[in-house]
Amino acid sequence: MKRVLVVCGTGIATSTLVADKVRKHLESVGIDARVEQATVMDLHRGASGFDLVVATAQVTQDVGVPVVKGLAFLTGMGVDEALAEIEGHLRD
Amino acid sequence: MEAFSGFVTDLGAAAALPFVIFLFAVLIRQPAGDALRSAVKVGIGFIGINLVVGVLFTYVGPASEALAGRFDVDLTVIDVGWPSTAAIAFGAQVGAFAIPVGLLVNVLLVAVGLTKTLNIDLWNYWHIAFTGALVAIVADSFAAGLVTAGIHMAILLALADWSAPLIQRYYGYEGISLPHGTSVPYVLFAIPMNWLFERIPGLKSAKADPESIRRRFGVFGEATVLGVILGVIIGALAFGFDDPRADSIAILQLAINLGAVMLLLPRMVAVLMEALIPISEAAQRMVKKRFPNREIYIGLDSAIAIGAPAVIATSLLLVPITLLLAVVLPGNRVLPLVDLATIPFIVAMMVPIFRGNILRSVVGGTFVMGLGLYIATAMSGVMTEAADRVGFDAAQSGAEGISSLVDGGNPLSWLIVQAGRAEWIGLGLLAAFALLLLLWVKGNGRRFVERMAEDVEPMQVA
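Residue numbers (our numbering), protein chains in the order written: chain A, 1 to 92; chain B, 93 to 554.
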């Protein structure tokens with residue numbers, strides 16, 4: 001099972017929205033994954049134990065795993081591309 | 093009518109709000125099953141928040157009372173944080189109606205060309221619901237509350253338009269603005285402050301490294317750890333250690349319960365949010381369809397601006413500074429707790445104006461946090477009343493009242509509530525102010541920030 005961490009400023013507000021979409025998409029394409037939420041401040045020790053980070057906030061340091069920008073989910077533009085990128089990372 | 097309104101009040105927000113949400117969801121053509129699911133979940137979110145706030149009061153109330161007894165500090169107004177503030181806002185009678193009112197004002201202002209921002213971040217309409225709810229109380233008028241929410245939206249849009257060139261350049265986002273009720277009012281403070289700082293030699297060039305601050309103070313950023321540490325410090329000060337057995341029990345219980353509140357309170361809000369996602373998306377689609385060809389900024393949550401190293405470093409340093417301010421500022425009665433974790437949202441839009449300079453950001457941040465404590469103290473009366481009306485029982489503990497640093501301590505929210513106290517005359521003046529601001533931002537204000545943006549270096553990404 002893959003583990004995805006969705007991070008934003010509060011660990012709640014925008015990440016809930018993104019996590020909801022990522023979870024539904026992964027389910028529909030048959031990828032077994034657990035999607036969790038955190039704040040960007042929680043990343044200061046990295047994202048060990050996760051396969052991928054999706055962030056609506058900026059992640060400027062190296063967290064050890066790929067980071068996908070979650071802005072598309074908020075604006076509604078480029079959502080399919082972002083989901084494809086997430087899927088691509090998890091299928092590797 | 094009176095009997096009905098009395099019935100709704102006695103029913104409480106947790107049981108009444110689901111009806112309003114169900115109605116909305118059906119109106120924007122959600123299937124009835126989904127609408128019902130959303131509606132019930134909103135009620136559940138409410139009950140969850142109420143339970144966790146109960147834990148907060150049970151443990152922090154007696155501690156703040158003991159603190160007042162042992163020292164000459166009166167910090168008996170508890171900072172219940174943005175999760176509770178948002179719940180109070182949406183739970184008030186004005187609450188859920190703020191969403192259609194805010195959307196209508198936004199669509200009208202875009203249509204007549206007074207704003208470029210289309211605020212699709214419906215969750216954050218709670219900020220205008222909050223001022224609406226408070227004004228409905230102080231002016232004793234539901235209509236005044238709705239009008240207030242509309243004017244508040246107009247002011248947020250003007251400030252979002254105004255700051256957009258700076259934000260877009262610093263964070264590197266195209267076509268986006270941040271009409272976020274917590275963050276955007278502070279650009280009004282940061283711009284003149286930055287002008288002043290440019291003229292103070294020591295502040296002009298001083299540099300601090302955000303990475304080393306993050307390494308050293310990073311622990312303040314983890315809400316649960318912060319909660320436990322705060323619990324130990326407040327507990328030790330409040331209960332002392334005269335009776336090692338009883339006092340150590342009291343201190344450790346306070347610590348773990350405060351850690352629990354920091355984790356659980358936002359989680360409960362997530363339940364409320366999940367319920368609103370489908371409604372929010374349907375409304376977004378309806379509004380966006382109306383302006384397919386116009387150049388607009390998409391208004392988003394300032395969460396997308398959190399995470400810049402300078403924002404995080406500034407916020408981490410402001411945690412101990414805010415606690416210290418709460419103790420030393422004469423007349424402050426607010427005990428900062430839950431919103432210490434929300435400081436990044438207060439500084440997110442100030443940092444780009446200070447060009448990512450941490451020393452300037454901390455000095456500017458210290459000023460607005462100090463001011464915020466006084467405002468939160470002044471707002472606690474009406475906020476406690478609003479909490480009481482939605483069924484959060486603050487009076488059951490030693491706490492004398494509640495407030496929050498986010499929105500409860502917000503200068504714009506305070507200004508709006510003050511206007512509301514003067515009822516329709518005040519609201520008329522406020523509406524005139526909003527209109528003048530929108531017009532100014534379109535003209536001279538725009539040129540002013542565009543000149544400023546030329547000097548802003550985009551944020552460094554490692």
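Just so you know, even glycine gets a beta-carbon here, dropped at the ideal spot from N, CA and C.
Selected residue, minimal CA-CA separation from residue i, among the options
| i | options | result |
| --- | --- | --- |
| R538(B) | L251(B), D480(B), S505(B) | L251(B) |
| I450(B) | V474(B), D480(B), L408(B) | L408(B) |
| L318(B) | D42(A), M77(A), V53(A) | D42(A) |
| V420(B) | A228(B), G457(B), L167(B) | L167(B) |
| L226(B) | A184(B), W215(B), L206(B) | A184(B) |
| V454(B) | N349(B), V439(B), R306(B) | V439(B) |
| Y389(B) | G493(B), D213(B), G224(B) | D213(B) |
| M471(B) | G483(B), G493(B), V482(B) | G493(B) |
| R359(B) | A107(B), N142(B), R129(B) | N142(B) |
| D80(A) | V40(A), G46(A), K21(A) | K21(A) |
| A106(B) | V363(B), L329(B), P336(B), W215(B) | V363(B) |
| R452(B) | L521(B), G153(B), V276(B), D301(B) | D301(B) |
| D431(B) | A402(B), T150(B), P412(B), G125(B) | P412(B) |
| M1(A) | R34(A), G78(A), G9(A) | R34(A) |
| A367(B) | F383(B), Q122(B), A95(B), P336(B) | Q122(B) |
| P66(A) | Q58(A), H44(A), V53(A) | V53(A) |
| V199(B) | T476(B), F540(B), A402(B), G391(B) | G391(B) |
| T16(A) | M544(B), F116(B), M365(B), A402(B) | M365(B) |
Check whether residue i and residue j have beta carbons under 8 Å apart
| i | j | result |
| --- | --- | --- |
| T274(B) | F437(B) | yes |
| G137(B) | P110(B) | no |
| I220(B) | G194(B) | yes |
| E387(B) | K133(B) | no |
| D393(B) | T14(A) | yes |
| A97(A) | G11(A) | This structure cannot speak to residue 97(A), because chain A is shown only from 1 to 92. |
| G323(B) | L350(B) | yes |
| E27(A) | L5(A) | no |
| I170(B) | L346(B) | no |
| M285(B) | G98(B) | no |
| S269(B) | M441(B) | no |
| G501(B) | G464(B) | yes |
| E542(B) | P257(B) | yes |
| V498(B) | T434(B) | yes |
| T469(B) | R513(B) | no |
| I180(B) | A526(B) | no |
| I398(B) | A57(A) | yes |
| S505(B) | F222(B) | yes |
| L417(B) | G462(B) | yes |
| A203(B) | F116(B) | no |
Which of helix, strand or coil DSSP assigns to residue i
| i | result |
| --- | --- |
| Y278(B) | helix |
| S496(B) | coil |
| K208(B) | coil |
| G560(B) | This structure leaves residue 560(B) out entirely; chain B is present only between 93 and 554. |
| T10(A) | coil |
| R3(A) | strand |
| Q37(A) | strand |
| I445(B) | coil |
| I292(B) | coil |
| P550(B) | coil |
| S233(B) | coil |
| I220(B) | helix |
Cα-Cα separation between residue i and residue j, rounded to whole angstroms
| i | j | result |
| --- | --- | --- |
| A554(B) | T60(A) | In this prediction, A554(B) has a pLDDT of 42, which is less than 50 and means its spatial position is unreliable; nothing more can be read from the coordinates. |
| R91(A) | E85(A) | 10 Å |
| R3(A) | A55(A) | 14 Å |
| A524(B) | G327(B) | 48 Å |
| A405(B) | A241(B) | 33 Å |
| P503(B) | V460(B) | 9 Å |
| Y217(B) | M245(B) | 8 Å |
| I445(B) | E303(B) | 20 Å |
| I120(B) | F114(B) | 10 Å |
| F234(B) | I396(B) | 34 Å |
| L530(B) | L249(B) | 8 Å |
| Y262(B) | A400(B) | 10 Å |
| I283(B) | T414(B) | 22 Å |
| A352(B) | T316(B) | 7 Å |
| K381(B) | L210(B) | 12 Å |
| V18(A) | P370(B) | 13 Å |
| V509(B) | W516(B) | 12 Å |
| A231(B) | R447(B) | 41 Å |
| F331(B) | L429(B) | 18 Å |
Any chance you could list the alpha helix (DSSP H) runs of at least 4 consecutive residues sitting entirely within the region 326 to 409 of chain B, in chain order? As far as the region 326 to 409 of chain B is concerned, its whole alpha helix (DSSP H) runs of at least 4 residues are 336 to 382.
Of all the alpha helix (DSSP H) runs that stay within the bounds of the region 152 to 218 of chain B, which reach a length of 4 or more residues? You should have 173 to 183, 190 to 203.
Scan the region 466 to 548 of chain B and note each continuous beta strand (DSSP E) run of 3 residues or more that stays entirely inside, going in chain order. Fully enclosed beta strand (DSSP E) runs of 3 or longer: 493 to 495.
Scan the region 46 to 87 of chain A and note each continuous alpha helix (DSSP H) run of 4 residues or more that stays entirely inside, going in chain order. 71 to 75
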